[in-house]
Every structure is written in C-alpha cells, then in structure tokens.
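Asker: Here you go, one structure.
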Amino acid sequence: MPVDDNSIKYNCFLIKNCRFGFPTATTIYLVRIRTKSEAESQGYEGKRRFQYRSVFPFFSTTIVNSRLANITSLNASSPLTFKGETQDVQATIFWIIPSIIINGITCPFTFILNVLVIAAVKRRPRLQSNANIMLACLAVTDALTGLTAQPLFVWSNICLVLRKKNCVIFNVHEICFGLLSTCSCLHLMLVVFERLVAIKFPYRYPYLVTKRKIKLAVPFCWIYCTWWIFAAQYLIDKQNKRLRFLIIAHIMVPCVVFVLSSYGVLYFETRRHQKKIKAQQLPQNEKETFIAERKALKTTALVFGALVLCLFPAVFTILLSAVGIQRKKRNFASMVVTFAMLNSLMNPLIYCWRQREMRRASIIFYSSFYLVLSYSH
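Numbering (this note's numbering), first residue to last: 40 to 416.
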C-alpha cells in the first residue's frame, strides 16, 4: 500500500520506568508524529529501541521493536500489546499470576508471625536476652515486608495484568523492598556479631554487647540504608547501572563476607569448646552456658542460610545486569522478587522451631488475641 509522506501519522511512543515481571508497566507517553520528515528530524527513523529502566535493583532490558513504519497503532491503556512482543508478554504474565497468588497468601502470615515474635520478646522477660532482642529487631524488618513490600508488589502486578498505570505503586514498592532488604542484611550482621562476641570473648561480652549499644546500632542501620536508597533513587542517573550496583554491593558484600568469616571462626571456636568440655571436668553452669550459646548460634546459622537461599536468585540477576549481560526474556523476574520476600516468612518459623519458649509465648499471644476478637464480635 503506498505511503503519503505528508498524510501518514507515525505513532512513536516513549516508555519510562516501565518493565515486565518484576518491573511492571507504569507510565506511557504517546507522541504522534504527523509527517515522515518530522519523524526523521526527531531521530525516530528505522528501528526504535525501548529502554525499560528500574530504580532498584537494577533489572533492565532493551526491547528492539519492529520498524517504525510497521507501527500503526498503540493504545496507552494497553501497553502489553505492541507488535512482536505478544509471546514474551504472555510468558511473563504466566509467571506474574503465580507471584500474585503466593505473595497475596503469604503477606498476612508474614506480618502476623513476625509481630508474634516481637510481642513474645517484648512481654516475656526470659526471652529478653541480647540475642533474642537482635532477632526481634530483624523481625521488625520482616513484619514491614509483609505489611508494605508484599502488598505493593501484588498491587503493582495486578495493575500490570489489568493493563493499568501503576508508576507510583511500583516506585514505592521498589523503595520499600530495597530499604528492607538492605536493613535485613545489616541486622543479620549485628546478630552474627553478637554471637561472635558471646562465644569468642565470653568475659568481655557484658561490656561489648549491651542493650544501650543495641539501641544505637539498630537506628544507625535504618538511617544508613535509608540514605543510600534515597541516593540510588534520586541522586544518581538511572542509566548508570554499575554505579547503582556498587551502592547496593557496598552494603551487601561486606555483610556476606563478615558473616561467612565469623561463622568460620565460630565453628573452630565451638569445636575447641567441645573438646575442652570432654577433656576437663568443667562446672555445670559453664556447660549449660556453652550449650545455650551453641543453640543460639545454630539458630542464626539457619537464618543466614535461609537468607542466602532466598536472595541468591536476585543477587545472581543483579550481577548479570551489572556486567552488561542482558536477558532476552524477563519471565522469571517476578518470581525472583517473590522468592526474596519469602525470606521474611521463613525467619519467624525458624525462631519458633528452634526456641520452645518463643514458640509457647507466640501461641499464647495468638490465642489471647483470637479470644479478644471473638468476644468483641
């Protein structure tokens, strides 16, 4: 069919802050070019590259669309139907729907279980050891994940499936997810440091680890992470993925290195204590103290193992993006984020499984809360 340069309307569109899967469709700007000469003058000739960018954690991809002359129509309310991407979009939605179901089911349990852990430590004096206080601080970040990050993730993906604009929802989710993920890593580092001092330097422990120092360390973690997430969001160019990766890496990598090296030291120190107990007749109170410290160490080891298991897919994806390896399809991105947020559900289950007193206290508080609700109705 012949084309009249003066009458043809070229539909050129720019998509900003818009992704599929983990990225969700957000704001679409439709620019209508009246003539071919105008299109060529503005640089829209030939193939058009659409960049889908992310604020955190640097997932990005570039989709090369068909020639501009083949683009005949685009509706801003249906961003998932442009030519050449139908199969990818269908595959992406195939993974988005399970992520919506999983997060929708688990987010209330994540919030409730972590709140029960916090209440148990707060109300039971026997549970108010430094180790349990640190775990309760970690439970705060997990509870906020179930209260904010997971519902926002579900909401943004529902908007994606329904083809509605959700730029604000998605950006808020990215901020919450980034802030809570980095805070969880720093809190875990504090938990491991407390275990390291308790086993490696038992006589210095009362002076090195105090409730006052814990009250100073925890807010510092929140302030530090908030500042860097704010910098990644507003102060750094979104296209500079490597610099943005370094911002997150300078928090994550030292935490992982410190935790792994600490567990190496604690392993050999625990073995040395066990040999000492077998070779010498130690007082009963020292044996009980060592057994309690070793049990707490195993609990933190399980928490760290769960964190590594849940965050490994996300870290692997971020590394691929940072080195410039782009995936052709982003089908699994939503499941990667879902897997990372499920760590907040696993932690309270580990606490209650490893500590009988915390398990009993959580059950009692849940029963009391249920009875209060029953009588109120």
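The beta carbon of each residue, even a glycine, is placed where N, CA and C say it ideally should be. Computed from a predicted structure; not experimentally measured.
How is Pro352 classed by DSSP in three states: helix, strand or coil?
Answerer: Residue numbering aside, residue 352 sits at position 313 when the sequence shown is read from its first letter. Reduced to three states, the DSSP call for Pro352 is helix.
Asker: Measure the C-alpha to C-alpha separation of Arg311 and Trp266 and round it to an integer number of angstroms.
Answerer: For this step, residue 311 is matched to residue 272 along the sequence shown. For this step, residue 266 is matched to residue 227 along the sequence shown. Computed Cα separation, rounded: 42 Å.
Asker: Quick one: grab the DSSP three-state call for Tyr27.
Answerer: Given a span of 40 to 416 for the chain in the structure shown, any question on residue 27 remains unanswerable.
Asker: Can you tell me the Cα-Cα spacing of Glu213 and Trp261, whole angstroms?
Answerer: Residue numbering aside, residue 213 sits at position 174 when the sequence shown is read from its first letter. Residue numbering aside, residue 261 sits at position 222 when the sequence shown is read from its first letter. So the two alpha carbons sit approximately 16 Å from each other.
Asker: Among the residues of its own chain, which have a CB less than 6 Å from the CB of Trp194, if the five just before and after it don't count?
Answerer: One-based indexing of the sequence shown puts residue 194 at position 155. Cβ within range, chain order: Ile208.
Asker: Between which two residues does the alpha helix (DSSP H) containing Lys250 stretch?
Answerer: Against the sequence shown, residue 250 aligns to sequence position 211. Lys250 -> alpha helix (DSSP H) spans 250-269.
Asker: Mind checking Tyr390: buried by the 16 CB within 10 Å criterion, or exposed?
Answerer: Along the sequence shown, one-based indexing puts residue 390 at 351. By the 10 Å Cβ count, Tyr390 comes out buried.
Asker: Could you give the DSSP three-state label for Ser168: helix, strand or coil?
Answerer: As a position in the sequence shown, residue 168 is number 129, starting the count at 1. Three-state DSSP puts Ser168 in coil, outside helix and strand.
Asker: Inspect the CB distances between the segment 372-391 and the segment 138-154 and report whether three or more fall short of 8 Å.
Answerer: yes
Asker: Per DSSP, what kind of secondary structure is Pro322 in: helix, strand or coil?
Answerer: Locating residue 322 in the sequence shown gives position 283, counting from the first residue. Pro322 falls in the coil class under three-state DSSP.
Asker: For Asn145, I'd like the list of residues in its chain whose CB is within less than 6 Å of its CB, leaving aside the five on either flank, ordered along the chain.
Answerer: Within the sequence shown, the letter at position 106 stands for residue 145. The question names Asn, but residue 145 is Thr in the sequence shown. Same-chain partners within the cutoff: Leu384.
Asker: Quick check: the Cα distance between Pro62 and Phe192, rounded to an integer number of angstroms?
Answerer: Here residue 62 is taken as the residue at index 23 of the sequence shown, counted from 1. Here residue 192 is taken as the residue at index 153 of the sequence shown, counted from 1. With a pLDDT of only 37 at Pro62, under the threshold of 50, the placement of this residue in the model should not be trusted, and no figure is reported.
Asker: Report the CB separation of Thr221 from Ile275 in whole angstroms; it is logged as a contact under 8 Å.
Answerer: The residue labelled residue 221 in the question sits at position 182 within the sequence shown. The residue labelled residue 275 in the question sits at position 236 within the sequence shown. Contact doesn't hold; Cβ gap of about 15 Å is too wide.
Asker: Could you tell me the alpha carbon to alpha carbon distance between Val236 and Met380, rounded to whole angstroms?
Answerer: As a working note, residue 236 is residue 197 in the sequence shown. As a working note, residue 380 is residue 341 in the sequence shown. Computed Cα separation, rounded: 30 Å.
Asker: In chain order, which alpha helix (DSSP H) runs of at least 4 residues are fully inside the segment 128-200?
Answerer: 169-183, 189-200
Asker: Just verifying my parser: in three-state terms, what is the DSSP assignment at Asn114?
Answerer: Here residue 114 refers to the residue found at position 75 of the sequence shown. Only weak support is given to the placement of Asn114: the predicted model assigns it a pLDDT of 38, under 50, and the value that follows is read from those uncertain coordinates. Coil.
Asker: So Ala159 and Phe404 are supposed to be a Cβ contact under 8 Å. How far apart are they, rounded?
Answerer: Along the sequence shown, one-based indexing puts residue 159 at 120. Along the sequence shown, one-based indexing puts residue 404 at 365. At roughly 6 Å, the Cβ-Cβ gap stays under 8 Å, so Ala159 and Phe404 are in contact.
Asker: If we count Cβ pairs, one from each stretch, closer than 8 Å, do we get three or more for the segment 216-233 versus the segment 173-193?
Answerer: The segment 216-233 is in contact with the segment 173-193.
Asker: Would you mind stating whether Ile238 and Thr149 have Cβ atoms separated by less than 8 Å?
Answerer: Within the sequence shown, numbered from 1, the residue matching residue 238 stands at position 199. Within the sequence shown, numbered from 1, the residue matching residue 149 stands at position 110. No, Cβ-Cβ distance for Ile238 and Thr149 is not below 8 Å.
Asker: Please report the residue range of the alpha helix (DSSP H) in which Leu384 lies.
Answerer: On the sequence shown, position 345 is the one that residue 384 refers to. Run containing Leu384: 382-393, per the alpha helix (DSSP H) assignment.
Asker: In this structure, how does DSSP classify Asn210 when only helix, strand and coil are distinguished?
Answerer: What you label residue 210 is simply residue 171 of the sequence shown in a count that begins at 1. Residue state, collapsed to three classes: helix.
Asker: In whole angstroms, what separates the C-alpha of Ala400 from that of Leu201?
Answerer: Within the sequence shown, the letter at position 361 stands for residue 400. Within the sequence shown, the letter at position 162 stands for residue 201. Taking the straight line joining both Cα atoms gives about 43 Å.
Asker: Tell me, to the nearest whole angstrom, how far the beta carbon of Ala170 is from that of Arg234; I am working on the premise that it is less than 8 Å.
Answerer: Position 131 of the sequence shown holds residue 170. Position 195 of the sequence shown holds residue 234. Indeed they touch by this definition, with Cβ atoms about 7 Å apart.
Asker: Is there at least one non-hydrogen atom of the ligand GDP closer than 7 Å to the beta-carbon of Cys206?
Answerer: Ligands in the displayed structure: none, and consequently the ligand GDP is not present.
Asker: Closer than 7 Å by C-beta to Met397: which residues in its own chain qualify, once you throw out the five before and the five after it? Chain order, please.
Answerer: Walking along the sequence shown from the start, residue 397 turns up at place 358. Cβ neighbours of Met397 beyond the five flanking positions: Val156, Ala159, Leu166, Tyr390, Cys391.
Asker: Helix, strand or coil: which one does DSSP assign to Lys203?
Answerer: Translated into the one-based positions of the sequence shown, residue 203 becomes position 164. Of the three classes helix, strand and coil, the one that applies to Lys203 here is coil, per DSSP.
Asker: Can you look up Phe329 in the DSSP assignment and give me helix, strand or coil?
Answerer: Within the sequence shown, residue 329 is the residue found at index 290, counting from 1. Phe329: helix per DSSP, three-state reduction.
Asker: Please work out which residues of its chain come closer than 7 Å, Cβ to Cβ, to Thr184, disregarding the five sequence neighbours upstream and downstream, and give them in chain order.
Answerer: For the purposes of this step, residue 184 is taken as residue 145 along the sequence shown, with counting starting at 1. The residues are Thr149, Leu219, Met380, Ser383.
Asker: I'd like to know whether the C-beta atoms of Val295 and Val231 end up nearer to each other than 8 Å.
Answerer: Locating residue 295 in the sequence shown gives position 256, where the first residue counts as 1. Locating residue 231 in the sequence shown gives position 192, where the first residue counts as 1. The answer is no: Cβ separation not under 8 Å.
Asker: Applying the 10 Å Cβ sphere with the 16-neighbour rule, what's the burial state of Leu336?
Answerer: The residue you call residue 336 lines up with position 297 of the sequence shown. That one is buried.
Asker: Between the Cα of Phe216 and those of Phe343, Pro241, Phe329, Asp181, spot the shortest distance and give me the residue it belongs to.
Answerer: Translated into positions along the sequence shown, residue 216 becomes position 177. Selected option, being the one with the closest Cα: Asp181.
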